[in-house]
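Reminder that position 114 of the sequence shown reads as 404 in our numbering, one-by-one numbering, no gaps.
Reading through the structure tokens given below for one structure.
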Amino acid sequence: MKNDFVSSGRAVSDMKAHLVLTTKYRRKVFTKEMIGRLQELLWELCNKWDCKMIEANGETDHIHLLFQYYPQLELPKFIGNIKSVTSRRLRSEFPELFDTYKKAVLWNESYLIASCGGVTVSQLKIYVEKQNTPD
């Protein structure tokens with residue numbers, strides 16, 4: 291993965307994360323059109339939250355979002371906004387979702403978020419171990 295350092299104030303960062311959201315009860319509800327619309331919505335939301343969407347895709351019961359963000363981003367609020375906006379918009383644009391979910395839900399309450407970057411933890415550990423410690 292390429293380093294795309296971004297500057298904000300006095301900090302320079304390259305923070306990337308992988309988000310996975312699953313549908314409520316892991317129901318297989320997404321069609322190709324819904325995944326395409328989700329990609330558009332995720333791009334809009336990333337821009338709104340000052341993030342950079344790197345990639346987004348999904349299958350019938352879950353989606354993946356790979357994005358770059360600033361250290362100031364409050365990830366739980368960002369993820370909550372993604373879940374609420376995409377749920378509301380998809381349910382209004384694809385009424386067939388009401389065949390599966392009678393209530394105003396789409397996403398499982400849980401999510402997976404994992405940091406990712408250009409080097410592994412073992413590479414960083416070796417780098418830190420090799421630093422010159424002052425006497």
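Note that the Cβ used here is the ideal one computed from N, Cα and C, for glycine as well.
Please confirm whether residue i and residue j have their CB atoms less than 9 Å apart.
i	j	result
residue 368	residue 335	yes
residue 320	residue 341	no
residue 308	residue 355	yes
residue 385	residue 303	no
residue 252	residue 407	With the chain represented from 291 up to 425, any question about residue 252 goes unanswered, as that position is not in the structure.
residue 339	residue 363	yes
Pop quiz: residue i and residue j are said to be a contact at Cβ under 8 Å. What is the actual Cβ separation, rounded to whole angstroms?
i	j	result
residue 314	residue 391	6 Å
residue 294	residue 316	About 33 Å; that fails the 8 Å criterion.
residue 343	residue 331	Going by Cβ atoms, the distance from residue 343 to residue 331 rounds to 10 Å, so no, they are not a contact pair.
residue 414	residue 373	With 8 Å as the limit, residue 414 and residue 373 do not qualify as a contact, their Cβ atoms being about 32 Å apart.
Please classify residue i: is it buried, with 16 or more other beta-carbons within 10 angstroms of its beta-carbon, or exposed?
i	result
residue 402	exposed
residue 248	Here the chain comprises residues numbered 291 to 425, so residue 248 is not present and cannot be evaluated.
residue 348	buried
residue 377	buried
residue 301	exposed
residue 394	exposed
Check residue i in the structure and name its three-state DSSP category.
i	result
residue 427	The question about residue 427 has no answer, for the chain in this structure spans 291 to 425.
residue 318	coil
Mind checking whether the beta-carbon of residue i lies closer than 8 Å to any heavy atom of the ligand NAD?
i	result
residue 349	As presented, the structure is devoid of all ligands, the ligand NAD included, so that no description of it is given.
In chain order, which alpha helix (DSSP H) runs of at least 4 residues are fully inside the stretch 334 to 421?
Listed in chain order, they are 365 to 383, 387 to 390 and 411 to 419.
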